[in-house]
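Engineer: Be aware that the sequence shown starts at 485, since it is given in our numbering, and climbs by one per residue. By construction, the Cβ of each residue, glycine as well, lies at the ideal position given by its N, Cα and C atoms.
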Amino acid sequence: SIQGRGPFQKPPRKVAYLHEAVIAATLRLDAEPHATARGTVLVGYDDEYAIEFFGRKLRAWWRRSAEADGMGAMAAALHGEADVLARAAAFDAELERRAGALAGEGYAALLALAWRQTISAHKLVEGPDGRPLFFSKENFSNGCIGTLDVTYPSAPLFLVFNPALLQAMIEPYFAYCAGPDWPFPFAAHDLGVYPKANGQAYRGFDLDRTVPVIETQMPIEECGNMLVLVGALHHRTGDLDLARRNWAILTGWADYLVEAGYDPGEQLCTDDFAGVLGRNVNLACKAAMGLAAYAVLAAALGHEEAAARYRGEAASFARHIAAARGEGDAIPLAFDQPGSWSLKYNLVWDRLLGFGLFTEEALRREQAVYARHVEPCGVPLDNRSTLTKPEWMLWAASLAHDPALFRDFAERITRYLDTTPNRVPFGDLYFAHNGRQA
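1. Here's a check: name, in chain order, each residue in its chain whose Cβ is nearer than 8 Å to the Cβ of Val-832, leaving out the five neighbours to either side.
2. Is there a Cβ from chain C that is less than 7 Å from the Cβ of Val-780?
3. Return the first residue and the last residue of the beta strand (DSSP E) that Leu-617 is part of.
4. What are the uninterrupted segments assigned as beta strand (DSSP E) that are 3 or more residues long and contained completely in the segment 574-658, given in chain order?
5. Measure how close the beta-carbons of Phe-801 and Ala-771 come, nearest whole angstrom, since I'm counting them as under 8 Å.
6. Note down, one range per segment and in chain order, each alpha helix (DSSP H) of at least 4 residues found wholly within the segment 761-845.
7. If you run the structure through DSSP and keep just helix, strand and coil, what is Gln-851?
8. In the DSSP assignment, find the alpha helix (DSSP H) that holds Arg-899 and state where it starts and stops.
9. Specify the secondary structure class of Thr-754 as computed by DSSP and reduced to three states.
10. Could you tell me which residues DSSP puts in a beta bridge with Gln-921?
11. Mind pulling the alpha helix (DSSP H) runs of 4 or more residues that sit fully within the segment 707-737?
12. With three or more C-beta pairs closer than 8 Å as the rule, is the segment 739-754 touching the segment 861-870?
13. In angstroms with no decimal places, state the Cα-to-Cα distance between Trp-580 and Ala-592.
14. Which of the three DSSP states is assigned to Gly-523 in this structure?
15. With C-beta atoms as the reference, is Gly-774 less than 7 Å away from Leu-711?
16. Going straight from the alpha carbon of Val-760 to that of Met-702, what length do you get?
17. Name the DSSP beta bridge partners of Lys-680, please?
18. Is the number of C-beta pairs between the segment 832-851 and the segment 807-818 that are closer than 8 Å three or more?
19. Start and end of the alpha helix (DSSP H) containing Trp-876?
20. Kindly indicate which residue of Trp-546, Gly-919, Ala-550 has the alpha-carbon position closest to the one of Ala-561.
21. Please look up how many angstroms separate the CB atoms of Leu-781 and Gly-715, rounded, as I've assumed it's under 8 Å.
22. Is the beta carbon of Ile-704 less than 7 Å from the beta carbon of Leu-632?
23. So Ala-559 is in the alpha helix (DSSP H); what residue range does that whole segment cover?
24. With DSSP run on the structure shown, which of helix, strand or coil describes Val-863?
25. Here's the rule: buried if 16 or more other CB atoms are within 10 angstroms of the residue's CB, otherwise exposed. What is Phe-624?
26. Does the separation of the CB atoms of Ala-671 and Trp-737 fall below 7 Å?
27. Return the bridge partner residues of Ala-544 from the DSSP annotation.
28. Under 6 Å Cβ to Cβ from Met-947, same chain only, skipping five residues before and after it: list those, please.
29. Please classify Arg-600 as buried or exposed, where buried requires at least 16 neighbouring CB atoms within 10 angstroms.
30. From this set, Gly-539, Gln-851, Ala-662, Ala-534, which residue's C-alpha is nearest Thr-735's C-alpha?
31. Please confirm whether Arg-720 and Leu-643 have their CB atoms less than 7 Å apart.
32. Using the Cβ count rule (16 or more neighbours within 10 Å means buried), how would you classify Phe-757?
33. Straight-line CA distance for Gln-851 to Ala-807?
34. Taking 8 Å as the limit between beta carbons, can you name the residues of its chain near Leu-724, skipping five residues before and five after?
35. Assign Asn-646 to buried or exposed, taking buried as 16 or more other Cβ atoms, counted over all protein chains shown, within 10 Å of its Cβ.
36. Using the DSSP secondary-structure output, state which residues sit across from Leu-871 in a beta bridge.
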């Protein structure tokens, strides 16, 4: 129950409903007929300690001060309501203006829906050293916390609007992977099960917990993700402190990609619902992007010999990928599946970070294949089914400069949101032919 204090004169009463506690509140709004009236209801949840990070309980960022409490935060929110709502409205208007100018009303609608959901799927806490840590939480799926291949697709939002939050997302991985609890040469998939970030939970080890079962890990996926994200942060902010502090482990992950990423063995990628796939071209693309990002970081840190070597490796990977032939001379789903195709969403970093490993012509051939396979609610991930993911659709539409294609993809995702029979929030996995959630 809420205690009356400050602006709260009459605390709401707790009532029982179906054996669960609920809180009821009423407002009296005096208004003339056909007029409008406003009222404010404040609802708060204070978990006191928000996350457990390797046995240490961490407070939410807003509660990091010893003097902070829930009632004080609610009183501050009420006091600052007008200012906060004005700032929020201004942000909404600017985001809608920018998105509409880039790709129309459909894209603006997508961003309005997606950015709130993306942020609310995270928990911001004060780390042991006083710096912010930002943990993703998989409310669906298997409940993991700090999942790296969930951080990867959410990264563009934070790169644009608040890069410090992206750094706060990947800092915990370095702390974990550099410690004795992770003795493997590749990056971890997750940090535990929400709300306890005490070590990877994802089906990862054999019974004696000494050897990872590669088929249930994502080694190339997660090494590439970490290298790309650190490289993207440097590209966005110019800061090299994160890379400098973790150079040894970044180098180890780059070496793993050199060894395993050219023609991948049987591994999972982030689209793990599709199962293990050997010779997965998207994993080779991820490795190429990771190596290119590492080369840029090496050059920025003055390691010229390493920069040249890993840039050469990335270029070799790119030539190997571009030479593979799938449908319509595009790049196949797997190196041993001629005539196949898939969304090459990982290649978007070649454009965004200016690596220049793939020609505009090759990227346009990819997009031509996508355009041939459009369904009412989007483009499938590959030739195996009509399953799709909206983030990968938009990344794939960004490979080459084609505003019409991007606008079309955005409008098809909007159609999915408008017509899906499933009453759920913005689902990230659905069937492109009928808009049903998977």
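Structural biologist: Checking against the coordinates, here is how it stands:
1. Trp-879, Ala-880, Ser-882, Leu-883
2. Going by chain labels, chain C is absent from the structure shown, which holds only one protein chain.
3. 616-620
4. 606-610, 616-620
5. 6 Å
6. 765-784, 788-807, 832-836
7. helix
8. 887-903
9. coil
10. Tyr-914
11. 725-729
12. no
13. One detail in the question is off: residue 580 reads as Glu in this sequence, not Trp. Cα to Cα, the separation comes out at about 5 Å.
14. coil
15. yes
16. 10 Å
17. Glu-536, Val-677
18. yes
19. 874-881
20. Trp-546
21. 6 Å
22. no
23. 554-563
24. coil
25. exposed
26. yes
27. Val-609
28. Within the shown structure, residues of the chain are numbered from 485 to 922, placing residue 947 beyond reach of any answer.
29. exposed
30. Ala-662
31. yes
32. exposed
33. 17 Å
34. His-718, Leu-781, Ala-784, Leu-785
35. exposed
36. Phe-915
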